[in-house]
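Visitor: For the sequence shown, our numbering gives the first residue as 91, with consecutive numbering after it.
Note that the Cβ used here is the ideal one computed from N, Cα and C, for glycine as well.
Just so it is clear, the structure is predicted and the values come from calculations on it, not from any experiment.
Before I ask anything, here is the structure I am working with.
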Amino acid sequence: MRLWRGFGGAGHPECATNGIGEANLEGRLDAALVDSSTVLHLYDTATRSVRELALREPGKVSIYLCGPTVYGPPHLGHGRATLVYDILRRYLEWTGLEVRLVSNITDIEDKIIERAQREHRPWQEITTKCERVWFEAMSGINVERPTDVPHATEYVEEMVEMIAALLATDHAYVTDDGVYMSVESVDDYGLLAHQSVDDMRSGGGDREVVGAGQKRHPADFVLWKFSKPDEPAWPSPWGPGRPGWHSECVVMSLDLLGEGFDLHCGGQDLRFPHHENERAQAVALGKSFANHWMHNGFVVDAEGEKMSKSLGNVSNLLDLIDLYDPRAYRMVLLQSHYRSPVKITQDNIDGAVKALAGLDAFAARTADLVGADPDPEVLDDLRLAMDDDLDTPKATALLFDTVRRANAALDAGSADAASLAAAAHVIAATFGLDLACASEVDGDALALAQALDDARAAKDFAKADALRAELQADGWTVETTRDGTSLRR
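This is how it looks when you write it as structure tokens:
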């Protein structure tokens, strides 16, 4: 058993990466590292201001990202959250900082149990399969695996210890159906929500906030749920049951990152109740919790409402990866500020695919350029954009402008071409955009692609899907836009 500190004890082939060669790129990236005076500023939800991301330990960044509840396939909203923080992580590492990113797996929760009962399956079978699918999707969109991936079921004993400590200090109480946190016992409850309790309850996301009739205050939340027949259960001093959703991240983050860790991340919908309730438990126990809170905006529909499904026939990330260049979603998000809502439409996906084709062509054109250091002014501009609340739209515009300048320099035979190209490739690598050299498409594959387009035009979608599957089985990445189907490896 791992004791709780303080509660009883301690796809496709890539070019010679973007035109400067793998070994060369490593050296160029090292040469481009930011000096120690560079300071990243991010919007902090708690203070409602853009402020310096102050580090607890020089040279190291500790980040906690709320991970998935594994009861279904990841949707586009999940993809946005993971991509935003993957880009942040890559940028921090490019600056020379050592990043420890902890992202949990919620593998016991009401929705998991409900699905298991509905389908008459063991709940562990569902969580195991859905976690595998989650990481397949993350790999498909090139999200680096977190440094640590703790599971809620691994921390039940530590959560029991924490709840006992909350009870001992009169911050929690027992009812007939569980143990509840008293929010009125935390002086600054509501810090992250910046609203009244009534307002917070009305906009509190997807999870049920109010439930038990014996609660002392409507916003009190469950720490421990007594189990019902045929439900998974763990022992506790108050009776067999399972932890509430809001407790797992408290014990995991403090166990793995320690008190006063640098940054707590997640989607805007987690701000309340989840993150507020996490923070309340830590505060109630006198623990220094996250020093900075970062939340990304929603994926929204045409009316601006939060959505989990989008893009016509794309209902989840695996569909997106299957039907489009997986890098396209990253490109769309790079062109949107992380705090703003974003719509995923056919037009912006098609635009991203087209933009990536241009970058791939640039990578092929500059594959033989070696040895140049990246243009320092371009990298300075990259730092200025990213250090200003992760302004990826400005940084992405810089990438395309640098590619344009490099192409113009190549056309003119200018000596500036190599350094500009090297800078463009560094930006792409920092964004997690792997650029691919164009592959020659054989005649048989081209004929199948044309047949696919003909089938789509005739609305014979079953035939089109079969042709797509045949091409994919042969190793082709198949991209279908309004301009037709293109193939690459």
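1) Considering Cα atoms alone, identify which of T172, N386, T486 and F311 is closest to S229.
2) Express the C-alpha separation of A518 and V468 in angstroms, rounding to a whole number.
3) To the nearest angstrom, report how far apart L525 and T567 are at their CA atoms.
4) Does the Cβ of V276 have 16 or more other Cβ atoms within 10 Å, making it buried, or fewer, making it exposed?
5) Reducing DSSP to helix, strand and coil, say where P333 ends up.
6) For the pair the stretch 542-553 and the stretch 480-495, tell me if three or more CB-CB distances fall below 8 Å.
7) Which one of F311, H336 and P363 has the shortest CA to CA distance from G280?
8) Taking only the alpha-carbon atoms, compute the straight-line gap between L187 and V151 and give it to the nearest angstrom.
9) Quick one: measure Cβ to Cβ for V233 and D176, integer angstroms, because I've assumed they're closer than 8 Å.
10) Quick check: the Cα distance between E338 and I198, rounded to an integer number of angstroms?
11) Using beta-carbon positions only, say whether V192 and P236 come within less than 8 Å of one another.
12) Check the DSSP bridge columns for A262 and list the partner residues they point to.
13) How far does the alpha helix (DSSP H) with H584 in it extend, from its first residue to its last?
14) Please decide whether P322 counts as near chain B, where near means a Cβ-Cβ distance under 8 Å.
15) How close, in whole Å, do the beta carbons of R146 and N381 come, if the pair is a contact with beta carbons under 8 Å?
16) Exposed or buried, what is L561 when buried is set at 16 or more other beta-carbons lying within 10 Å of its beta-carbon?
17) Could you tell me which residues DSSP puts in a beta bridge with R141?
18) Let me know if G461 comes out buried or exposed under the rule of 16 or more other beta-carbons within 10 Å of its beta-carbon.
19) Where E251 and E221 are concerned, what is the direct C-alpha to C-alpha distance, given to the nearest angstrom?
20) Determine which residues share a DSSP beta bridge with W383 and list them.
21) Once you ignore the five residues that flank L155 on each side, which residues in its own chain have a CB closer than 6 Å to its CB?
22) For E595, does the three-state DSSP call read helix, strand or coil?
23) Give me the DSSP bridge partner(s) of K484.
24) Please report the straight-line C-alpha distance between A372 and S378, rounded to a whole angstrom.
25) Taking 8 Å as the threshold (C-beta atoms), are I434 and L256 in contact?
26) What are the uninterrupted segments assigned as alpha helix (DSSP H) that are 4 or more residues long and contained completely in the stretch 405-429, given in chain order?
27) Determine the DSSP secondary structure at N403, reduced to helix, strand or coil.
28) Identify whether I153 lies in helix, strand or coil by the three-state DSSP scheme.
29) Could you tell me the distance, in whole angstroms, from the CA atom of L413 to the CA atom of Y428?
30) Does DSSP put W314 in a helix, a strand or coil?
31) Please list the terminal residues of the continuous beta strand (DSSP E) segment that includes V276.
32) Leaving out five residues before and five after A508 in sequence, what residues of the same chain have Cβ atoms less than 6 Å from its Cβ?
33) Going by DSSP, name the residue or residues bridged to E188.
34) Pull up the distance between the alpha-carbon of L523 and that of V516, whole angstroms please.
35) Quick one: what does DSSP say V160 is sitting in, helix, strand or coil?
36) Near H365, which residues of its chain fall below 6 Å by C-beta distance, leaving aside the five closest residues on each side in sequence?
Guide: Quick look at the numbers:
1) For the purposes of this step, residue 229 is taken as the residue at position 139 of the sequence shown. Checking every option, the nearest Cα to that of S229 belongs to T172.
2) Working through the sequence shown from its first residue, we reach residue 468 at position 378. Working through the sequence shown from its first residue, we reach residue 518 at position 428. Taking the straight line joining both Cα atoms gives about 13 Å.
3) As a working mapping, residue 525 is identified with position 435 in the sequence shown. As a working mapping, residue 567 is identified with position 477 in the sequence shown. Distance from the CA atom of L525 to the CA atom of T567, rounded to whole angstroms, is 14 Å.
4) Locating residue 276 in the sequence shown gives position 186, counting from the first residue. V276 comes out buried.
5) In the sequence shown, residue 333 corresponds to position 243, counting from 1. Residue state for P333 is assigned as strand, using DSSP reduced to three classes.
6) No: the two stretches stay apart, fewer than three of their Cβ pairs being nearer than 8 Å.
7) Position 190 of the sequence shown, counting from 1, holds the residue named residue 280. Residue P363 is the option with its Cα nearest to G280.
8) The residue you call residue 187 lines up with position 97 of the sequence shown. The residue you call residue 151 lines up with position 61 of the sequence shown. Whole-angstrom Cα-Cα distance: 7 Å.
9) Start at 1 with the first residue of the sequence shown, and residue 233 comes out as number 143. Start at 1 with the first residue of the sequence shown, and residue 176 comes out as number 86. Indeed they touch by this definition, with Cβ atoms about 5 Å apart.
10) Numbered from its first residue, the sequence shown carries residue 338 at position 248. Numbered from its first residue, the sequence shown carries residue 198 at position 108. Straight-line spacing of the CA atoms in E338 and I198 works out to 10 Å.
11) Locating residue 192 in the sequence shown gives position 102, counting from the first residue. Locating residue 236 in the sequence shown gives position 146, counting from the first residue. Yes, they are a contact pair.
12) Locating residue 262 in the sequence shown gives position 172, where the first residue counts as 1. Looking at the DSSP assignment, A262 forms a beta bridge with M271.
13) Look at the range of the chain in this structure, 91 to 579, and you will see that residue 584 is not part of it.
14) The chain labelled as chain B is not found in the depicted structure, where only one protein chain is given.
15) By one-based count along the sequence shown, residue 146 stands at place 56. By one-based count along the sequence shown, residue 381 stands at place 291. The C-beta distance from R146 to N381 rounds to 7 Å, short enough to meet the 8 Å contact threshold.
16) On the sequence shown, residue 561 is found 471 positions in, with the first residue counted as 1. When all chains shown are included, L561 counts as buried.
17) Position 51 of the sequence shown, counted from the first residue, corresponds to residue 141. L132, per the DSSP bridge assignment.
18) Stepping through the sequence shown from its first residue, residue 461 is reached at position 371. By the neighbour-count rule (16 or more Cβ atoms within 10 Å), G461 is not buried but exposed.
19) Start at 1 with the first residue of the sequence shown, and residue 251 comes out as number 161. Start at 1 with the first residue of the sequence shown, and residue 221 comes out as number 131. Rounded to the nearest angstrom, the gap between the Cα atoms of E251 and E221 is 27 Å.
20) As a working mapping, residue 383 is identified with position 293 in the sequence shown. H354, per the DSSP bridge assignment.
21) Mapped onto the sequence shown, residue 155 falls at position 65. Same-chain partners within the cutoff: Y175, S193 and C355.
22) Past the edges of the chain, shown from 91 to 579, lies residue 595, and the structure says nothing about it.
23) Walking along the sequence shown from the start, residue 484 turns up at place 394. K484 is not bridged to any residue.
24) To locate residue 372, count along the sequence shown from 1; it is residue 282. To locate residue 378, count along the sequence shown from 1; it is residue 288. Roughly 7 Å between the two C-alpha positions.
25) On the sequence shown, residue 256 is found 166 positions in, with the first residue counted as 1. On the sequence shown, residue 434 is found 344 positions in, with the first residue counted as 1. In this structure, the beta-carbon distance from L256 to I434 does not fall below 8 Å.
26) For the stretch 405-429, whole alpha helix (DSSP H) runs of length 4 or above, ordered along the chain, are 407-413 and 417-424.
27) Taking the first residue of the sequence shown as position 1, residue 403 is located at position 313. Confidence is the limiting factor: at N403 the pLDDT is only 44, short of 50, which leaves the residue's position unreliable and the question unanswerable from this model.
28) Residue numbering aside, residue 153 sits at position 63 when the sequence shown is read from its first letter. Residue state, collapsed to three classes: strand.
29) Residue numbering aside, residue 413 sits at position 323 when the sequence shown is read from its first letter. Residue numbering aside, residue 428 sits at position 338 when the sequence shown is read from its first letter. About 24 Å.
30) As a working note, residue 314 is residue 224 in the sequence shown. DSSP places W314 in strand when its eight states are reduced to three.
31) As a working mapping, residue 276 is identified with position 186 in the sequence shown. Segment: none, V276 is in no beta strand (DSSP E) and carries neither H nor E.
32) Within the sequence shown, the letter at position 418 stands for residue 508. Cβ neighbours of A508 beyond the five flanking positions: L459 and A462.
33) Position 98 of the sequence shown, counted from the first residue, corresponds to residue 188. Assignment of beta-bridge partners to E188 by DSSP yields K150.
34) For the purposes of this step, residue 523 is taken as residue 433 along the sequence shown, with counting starting at 1. For the purposes of this step, residue 516 is taken as residue 426 along the sequence shown, with counting starting at 1. When rounded, the distance between both Cα atoms is 10 Å.
35) Residue mapping note: residue 160 aligns to position 70 of the sequence shown, counting from 1. V160 carries a coil assignment under DSSP once its states are collapsed to helix, strand and coil.
36) As a first step, residue 365 must be located in the sequence shown, where it is residue number 275. So the list reads L282, once near-sequence residues are dropped.
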